[in-house]
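Residue numbers (my numbering), protein chains in the order written: chain L, 1 to 324; chain S, 1001 to 1245.
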């Protein structure tokens, strides 16, 4: 089956979640005797896009031009459908994000394709095409068979693991792709874009250090920020903290905030309400630091320290700085 | 202005999830159902906009009769009438097709819903509906102002926020802080009893996906406790044992 992978770029660099999507899509193509083609929008050097080959893709369709630099799910979905028709793709792989879901949805309606979002593993292809996805905000999994001719999978972070040592040295062929763009896709006027000062986005981060009300006040965040910087981690917070405006809303991790799936999640002074756990249960390893030994978060943790965060954080920061 | 708000009927965020019937159905025993939390934000903003503009607000649910108490709650919060499409919504494309079918007959200016349902977490229904109606869709929307036929929207993008203006009609997936959740008052609850709730059968849609079995995650191993005065050893364990550093 010919596979098309939609990827996202961040300042001309392929996002890590998109690299996973390429690897995922290439594995599906390999399983079904097809080729994996990548579709990228916006400015990027060919040398960057060629890297898609290391993850198994044979070709990259690169749609550039000023109109496509700013994320636009309507235009991207339109272009994606044109790419699907050109390549005769049967499976479309997109990594899960606000943009990814929107592109998947609009493309699914155009292509009359089944779409499953939140896929956590490679599909089982055996006459039928079955995927496993995360449901109930990480509290369970569901198996779903996709029956439509064209299938769209929106894949969660860590659905496949990238083994840097197993990557090939093959480069993908980069081809310019010029979709027909409709005026109706550009009706909105973007009047303002605010990007967080932090370079690391929570959904992409491998390590996250997160604080709750146990951090006591917004001006006592420095020890947490120090640990984050020593570990190269992104910072997050619990809902009460963002509700109190101690930290910006885009740092809010939980059921109604951002769901994260880092390799390491360090929770400082967060009790672990079920709504918060729902946002972090995709994490590989969870560390909980809390002065209350009865904090429910310890039940969901891999490592725990009972004690004062303001005494413990500087010790961890020092140890982290001495690591390298 | 004609507003449509789509709501889901989902287990409460604190519900313990288990399955029955050989892992093919959710065990509803002891599970309390609520309006999806994101849909509740959409509803609250919808009611505010309706009050400002003097329009109408219809609430739509695709689901079975056990959702009626939640639909009545939406009516008590301020919707004028309700439509329930009598079907078990197990596929995003199916659910979106039902919403689009209702929308095509009624020409809504604004279709609001949550950014995702908290049962299947797909977050694709607003985009599907938008494309089926050939109108723009945006998500997750954190701020929404309407001025005549122009909407000003603030939405979350990766690592930040974007503000845009666009003409109605629109489909929007909502999240906090678009509005504060509304609690129905006694008068609302009384009037909700007599507001119209229309039950319609679903339109037929090609089957895109078939649900299979459900499963619970593997149980978590015990938490390894590290004494506070040996905190620094944690970093070593994360490196050598957990291998995450």
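The beta carbon of each residue, even a glycine, is placed where N, CA and C say it ideally should be.
Computed from a predicted structure; not experimentally measured.
Taking all protein chains shown into account, residue 178 of chain L has fewer than 16 neighbouring C-beta atoms within 10 Å of its C-beta and is therefore exposed.
By the criterion of a C-beta distance shorter than 7 Å, residue 19 of chain L is surrounded in its chain by 55 and 162, once the five residues flanking it on both sides are discounted. Not a single C-beta of chain L is nearer than 9 Å to the C-beta of residue 1191 of chain S. Contact between residue 187 of chain L and residue 1244 of chain S is absent: CB atoms are separated by about 45 Å, not below the 8 Å threshold. Per DSSP, the continuous beta strand (DSSP E) segment holding residue 265 of chain L begins and ends at 264 to 268. Rounded to whole angstroms, the gap between the alpha carbons of residue 1042 of chain S and residue 16 of chain L is 32 Å.
For residue 147 of chain L, the C-beta contacts it makes with chain S under 7 Å involve 1207, 1208, 1209 and 1210, in order along the chain. The C-beta of residue 244 of chain L has fewer than 16 other C-beta atoms within 10 Å across all chains shown, which makes the residue exposed. Under the three-state reduction of DSSP output, residue 140 of chain L falls in the strand class.
Annotation: Cβ neighbours of residue 141 of chain L in chain S (cutoff 8 Å, chain order): 1214, 1215, 1216 and 1217. Annotated as proximal: residue 94 of chain L and residue 155 of chain L, with beta-carbon spacing under 9 Å.
The Cβ of residue 1165 of chain S sits closer than 9 Å to at least one Cβ of chain L. When the five nearest sequence neighbours on each side are left out, the beta carbons in the same chain lying within less than 8 Å of the beta carbon of residue 84 of chain L are those of 4, 92, 107, 111 and 150, in order along the chain.
In the three-state scheme derived from DSSP, where H, G and I count as helix and E and B as strand, residue 1188 of chain S is classed as helix. Along the stretch 120 to 132 of chain L, the positions whose C-beta sits under 7 Å from a C-beta of chain S are 130, read in chain order. Each of S:1183, S:1237, S:1211 and S:1200 was checked against the Cα of residue 1077 of chain S, and the nearest Cα belongs to S:1183.
Beta-bridge partners assigned by DSSP to residue 117 of chain L: L:154. Ranked by Cα distance from residue 160 of chain L, the first of L:220, L:254, L:7 and L:25 is L:25.
Nearest neighbour of residue 1012 of chain S by Cα position, chosen from L:210, L:36, L:251 and L:136, turns out to be L:136. In this structure residue 241 of chain L touches residue 212 of chain L by the C-beta definition: roughly 6 Å separates them, less than 8 Å. When Cβ pairs closer than 8 Å are counted between the two stretches, the stretch 1086 to 1100 of chain S is seen not to touch the stretch 67 to 79 of chain L, the count staying below three. Counting only Cβ-Cβ distances below 7 Å, residue 312 of chain L has contacts in chain S at 1228 and 1231, in chain order. Residue-level contact check: residue 1204 of chain S does not touch chain L, since none of the beta carbons of chain L fall below 9 Å from its beta carbon.
In terms of beta-carbon proximity, residue 294 of chain L stays away from the interface with chain S, with every pair separated by 9 Å or more. Scanning chain S for C-beta atoms nearer than 7 Å to the C-beta of residue 213 of chain L yields nothing, as the closest lies near 18 Å away.
Residues of the same chain with a CB within less than 6 Å of the CB of residue 246 of chain L, apart from the 5 flanking positions on each side, are 218 in chain order. Pairwise C-beta distances place the stretch 59 to 66 of chain L out of contact with the stretch 1129 to 1140 of chain S, as fewer than three of them are shorter than 8 Å. Among the CB atoms of chain L, none fall inside 9 Å of the CB of residue 1180 of chain S. Taking a Cβ-Cβ threshold of 9 Å, the residues of chain L close to residue 1121 of chain S are 117, 118, 133, 134, 135, 136, 137, 138 and 259, in chain order. Sorting L:176, L:271 and L:104 by C-alpha distance to the C-alpha of residue 1128 of chain S places L:104 at the top. Taking the C-beta atoms as reference points, residue 1003 of chain S is found nearer than 9 Å to residue 1057 of chain S. Taking 9 Å as the CB threshold, residue 1169 of chain S stays off the interface with chain L. Between the stretch 1171 to 1182 of chain S and the stretch 1104 to 1115 of chain S there are three or more inter-stretch CB-CB distances shorter than 8 Å, so the stretches are counted as touching. Within chain L, the residues placing a beta-carbon under 7 Å from that of residue 1175 of chain S are 256, ordered along the chain.
The Cβ atoms of residue 60 of chain L and residue 175 of chain L lie closer than 9 Å to each other.
By a beta-carbon distance limit of 8 Å, residue 261 of chain L does not contact residue 192 of chain L. Their separation comes to about 29 Å.
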